[in-house]
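Under full-length UniProt numbering, read the sequence shown as residues 1 to 126, first letter to last.
Heads up, the beta-carbon is just placed ideally off N, CA and C, and yes, glycines get one too.
Predicted model only: the values in this text are computed from it and were never measured.
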Amino acid sequence: MNDTNMLVFVYGTLMSGFRNNYLLDNSKFIGAAETVDKFGLYKVKHGDFPFAIDSEKLTHLLGEVYKVDEYTMQMLDTLENYPELYIKKEIEVIVNNKRLKAIIYLKNENNYKDVIDYEQQIEIWD
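Next up, the structure:
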């Protein structure tokens, strides 16, 4: 996957106003977005961040899209503990009434199965 100047969809602590958004300071904000497909969105058991999972089709995720360079993508990979904790998937999102392809970080459901609080399903990270 060529990550140079990729679009990234963020839905948790990387969004504007949240603690990890500083990692996107040098990235171009494309706009508020919604996923075309549905995902499950859950809180982590011990911590303060969400997991989106691909195996449950519960809600369209609301978030933001940024255009990132390769260096920023590497920083995001480190933050998200890719590929152990999160995996990357190309998805379609709607931004400014247009369909775009963007990368999303989804929980790697093969690893760390006990970290998701399945009783804490959420609609949006706030």
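Could you compute how far the alpha carbon of residue i sits from the alpha carbon of residue j?
i: Leu62; j: Asp114; result: 25 Å
i: Tyr118; j: Glu80; result: 20 Å
i: Glu123; j: Leu106; result: 15 Å
i: Lys38; j: His60; result: 4 Å
i: Val68; j: Gly40; result: 25 Å
i: Ser27; j: Tyr42; result: 27 Å
i: Asp3; j: Gly47; result: The predicted model places Asp3 with a pLDDT of 47, which falls under 50 and marks its position as unreliable; any figure quoted below should be read in that light. Looking at the two C-alpha atoms, the distance is approximately 28 Å.
i: residue 130; j: Asp25; result: The structure shown does not extend to residue 130, since the chain is modelled only from 1 through 126, so no value can be given for it.
i: Ile53; j: Asn97; result: 25 Å
Quick one: is residue i buried, meaning 16 or more other Cβ sit within 10 Å of its Cβ, or exposed?
i: Ser55; result: exposed
i: Ser16; result: exposed
i: Lys57; result: exposed
i: Thr78; result: exposed
i: Tyr71; result: exposed
i: Tyr22; result: exposed
For residue i versus residue j, is the C-beta distance shorter than 8 Å?
i: Gly31; j: Val8; result: no
i: Pro50; j: Tyr11; result: yes
i: residue 205; j: Tyr112; result: This structure cannot settle anything about residue 205, because the visible part of the chain is limited to 1 through 126.
i: Thr13; j: Asn20; result: yes
Pop quiz: residue i and residue j are said to be a contact at Cβ under 8 Å. What is the actual Cβ separation, rounded to whole angstroms?
i: Lys101; j: Glu92; result: 6 Å
i: Ile116; j: Val44; result: 7 Å
i: Ala33; j: Ile87; result: Not quite, the Cβ-Cβ distance comes to about 19 Å (not below 8 Å), so this is no contact.
Mind pulling the alpha helix (DSSP H) runs of 4 or more residues that sit fully within the UniProt domain "Gamma-glutamylcyclotransferase AIG2-like" (8 to 114)? 70 to 79
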